[in-house]
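Reviewing the structure listed below.
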Amino acid sequence: MLLHRNKLYSIILASCTAGYVWLWFDMYGRLSLHSDVVRACLIKRLTGLPCPSCGSTRSVEAILDGKYIEAILINPIGYVLVAIMLAAPLWILFDLLTKRQTLFDFYGRVERCFKKSAVVVVFTLLIILNWIWNIDKAL
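Printed below as a string of C-alpha coordinates:
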(Lines of atoms letter the chains of each structure in order from A and count residues from 1; the text may use other names and numbers.)
(Lines give C-alpha, C1' and ligand atoms only; values in the text may rest on other atoms or scores of the structure.)
Protein backbone atom coordinates (compact mmCIF):
# COMPACT_ATOMS: atom_id res chain seq x y z
CA MET A 1 0.00 0.00 0.00
CA LEU A 2 1.49 3.30 -1.10
CA LEU A 3 -0.04 5.60 1.52
CA HIS A 4 0.80 5.60 5.19
CA ARG A 5 -2.07 5.88 7.65
CA ASN A 6 -1.48 9.48 8.73
CA LYS A 7 -1.06 10.68 5.14
CA LEU A 8 -4.27 8.92 4.07
CA TYR A 9 -6.18 10.35 7.03
CA SER A 10 -4.84 13.85 6.27
CA ILE A 11 -5.94 13.58 2.63
CA ILE A 12 -9.40 12.36 3.64
CA LEU A 13 -9.85 15.08 6.26
CA ALA A 14 -8.65 17.78 3.85
CA SER A 15 -11.06 16.49 1.19
CA CYS A 16 -13.98 16.42 3.62
CA THR A 17 -13.12 19.93 4.83
CA ALA A 18 -13.01 21.17 1.23
CA GLY A 19 -16.40 19.53 0.67
CA TYR A 20 -17.91 21.19 3.73
CA VAL A 21 -16.52 24.58 2.67
CA TRP A 22 -17.85 24.04 -0.87
CA LEU A 23 -21.31 23.21 0.46
CA TRP A 24 -21.32 26.16 2.84
CA PHE A 25 -20.24 28.53 0.07
CA ASP A 26 -22.94 27.19 -2.24
CA MET A 27 -25.72 27.18 0.34
CA TYR A 28 -24.91 30.38 2.24
CA GLY A 29 -22.34 32.26 0.16
CA ARG A 30 -23.09 35.40 -1.81
CA LEU A 31 -22.74 33.71 -5.21
CA SER A 32 -24.47 30.48 -6.03
CA LEU A 33 -22.17 27.98 -7.71
CA HIS A 34 -25.04 27.15 -10.05
CA SER A 35 -25.41 30.67 -11.44
CA ASP A 36 -24.18 31.74 -14.85
CA VAL A 37 -21.49 33.83 -13.16
CA VAL A 38 -19.87 30.84 -11.45
CA ARG A 39 -19.73 27.51 -13.24
CA ALA A 40 -18.16 24.80 -11.15
CA CYS A 41 -17.80 22.07 -13.77
CA LEU A 42 -14.91 22.65 -16.14
CA ILE A 43 -16.00 19.74 -18.37
CA LYS A 44 -19.47 21.20 -18.84
CA ARG A 45 -18.03 24.65 -19.48
CA LEU A 46 -15.63 23.34 -22.15
CA THR A 47 -17.83 20.72 -23.84
CA GLY A 48 -21.38 21.78 -23.04
CA LEU A 49 -21.99 18.27 -21.68
CA PRO A 50 -22.32 17.38 -18.00
CA CYS A 51 -19.71 15.14 -16.40
CA PRO A 52 -20.69 12.03 -14.39
CA SER A 53 -20.57 14.00 -11.14
CA CYS A 54 -22.49 17.06 -12.38
CA GLY A 55 -25.31 17.79 -9.97
CA SER A 56 -23.56 16.20 -6.99
CA THR A 57 -23.61 19.42 -4.98
CA ARG A 58 -27.32 19.91 -5.64
CA SER A 59 -27.92 16.25 -4.79
CA VAL A 60 -26.14 16.61 -1.43
CA GLU A 61 -28.10 19.79 -0.70
CA ALA A 62 -31.36 17.99 -1.51
CA ILE A 63 -30.41 15.19 0.91
CA LEU A 64 -29.67 17.77 3.62
CA ASP A 65 -33.09 19.33 2.93
CA GLY A 66 -34.78 15.92 3.29
CA LYS A 67 -35.63 15.70 -0.42
CA TYR A 68 -34.33 12.16 -0.86
CA ILE A 69 -36.10 11.25 -4.12
CA GLU A 70 -35.10 14.57 -5.70
CA ALA A 71 -31.50 13.91 -4.64
CA ILE A 72 -31.32 10.55 -6.36
CA LEU A 73 -32.93 11.99 -9.48
CA ILE A 74 -30.38 14.81 -9.60
CA ASN A 75 -27.36 12.52 -9.15
CA PRO A 76 -27.08 9.32 -7.07
CA ILE A 77 -23.42 10.11 -6.42
CA GLY A 78 -24.68 12.63 -3.85
CA TYR A 79 -25.56 9.74 -1.53
CA VAL A 80 -22.02 8.38 -1.76
CA LEU A 81 -20.61 11.82 -0.99
CA VAL A 82 -22.88 12.31 2.04
CA ALA A 83 -21.94 8.89 3.39
CA ILE A 84 -18.22 9.56 3.00
CA MET A 85 -18.38 13.13 4.34
CA LEU A 86 -20.27 12.00 7.44
CA ALA A 87 -18.55 8.68 8.13
CA ALA A 88 -14.91 9.42 7.32
CA PRO A 89 -14.20 12.14 9.92
CA LEU A 90 -15.98 10.12 12.62
CA TRP A 91 -14.13 6.96 11.61
CA ILE A 92 -10.79 8.79 11.71
CA LEU A 93 -11.64 10.22 15.14
CA PHE A 94 -12.50 6.71 16.35
CA ASP A 95 -9.18 5.38 15.07
CA LEU A 96 -7.21 8.20 16.67
CA LEU A 97 -8.97 7.83 20.03
CA THR A 98 -8.60 4.05 20.09
CA LYS A 99 -5.10 4.09 18.53
CA ARG A 100 -6.25 1.73 15.78
CA GLN A 101 -6.27 1.87 12.00
CA THR A 102 -9.61 0.34 11.01
CA LEU A 103 -10.26 2.92 8.27
CA PHE A 104 -6.76 2.41 6.89
CA ASP A 105 -7.31 -1.36 6.83
CA PHE A 106 -10.70 -0.89 5.14
CA TYR A 107 -9.08 1.38 2.55
CA GLY A 108 -6.53 -1.36 1.84
CA ARG A 109 -9.29 -3.94 1.31
CA VAL A 110 -11.17 -1.60 -1.04
CA GLU A 111 -7.95 -0.85 -2.93
CA ARG A 112 -7.27 -4.58 -3.38
CA CYS A 113 -10.86 -5.11 -4.50
CA PHE A 114 -10.47 -2.45 -7.20
CA LYS A 115 -7.45 -4.30 -8.60
CA LYS A 116 -9.84 -7.00 -9.84
CA SER A 117 -10.87 -6.34 -13.43
CA ALA A 118 -14.49 -7.44 -12.87
CA VAL A 119 -14.94 -4.83 -10.15
CA VAL A 120 -13.36 -2.13 -12.32
CA VAL A 121 -15.64 -3.06 -15.24
CA VAL A 122 -18.81 -2.92 -13.11
CA PHE A 123 -17.78 0.36 -11.46
CA THR A 124 -16.86 1.89 -14.82
CA LEU A 125 -20.18 0.81 -16.34
CA LEU A 126 -22.08 2.40 -13.44
CA ILE A 127 -20.20 5.68 -13.93
CA ILE A 128 -20.83 5.59 -17.70
CA LEU A 129 -24.53 4.87 -17.16
CA ASN A 130 -24.74 7.78 -14.73
CA TRP A 131 -22.97 9.98 -17.27
CA ILE A 132 -25.40 8.98 -20.02
CA TRP A 133 -28.29 9.69 -17.65
CA ASN A 134 -26.85 13.13 -16.82
CA ILE A 135 -26.55 13.93 -20.53
CA ASP A 136 -30.06 12.61 -21.24
CA LYS A 137 -31.67 14.75 -18.56
CA ALA A 138 -29.61 17.77 -19.71
CA LEU A 139 -28.20 18.33 -16.25
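What the sequence shown shows, in the working numbering, is residues 3 to 141, in sequence order.
Glycine is no exception: its CB is placed at the ideal position from the N, C-alpha and C atoms.
**OP:** Starting from Ser12, follow the alpha helix (DSSP H) in both directions and report where the run begins and ends.
**Re:** 7-30
**OP:** Use the C-beta contact count for Thr19: other C-beta atoms within 10 angstroms, 16 or more gives buried, fewer gives exposed.
**Re:** exposed
Original post:
If Arg142 sits next to Ile76, beta carbons under 8 Å apart, how far is it from one beta carbon to the other, in whole angstroms?
Top reply: The question about residue 142 has no answer, for the chain in this structure spans 3 to 141.
Original post:
How do the segment 6-17 and the segment 97-106 stand: do at least 3 beta-carbon pairs fall below 8 Å, yes or no?
Top reply: yes
**OP:** Quick one: residues in its chain with C-beta nearer than 8 Å to the C-beta of Thr104, no 5 flanking neighbours on either side, listed in chain order?
**Re:** Trp93, Phe96, Asp97
**OP:** Using the Cα positions of Pro78 and Arg47, report the straight-line distance between them to the nearest angstrom.
**Re:** 22 Å
Original post:
Considering only the beta carbon of each residue, do Arg7 and Phe106 sit closer than 9 Å?
Top reply: yes
**OP:** Compute the distance between the beta-carbons of Ser58 and Gly31, then report whether it is under 9 Å.
**Re:** no
Original post:
What are the uninterrupted segments assigned as alpha helix (DSSP H) that are 4 or more residues long and contained completely in the segment 91-117, given in chain order?
Top reply: 104-115
Original post:
Where Met87 and Leu51 are concerned, what is the direct C-alpha to C-alpha distance, given to the nearest angstrom?
Top reply: 27 Å
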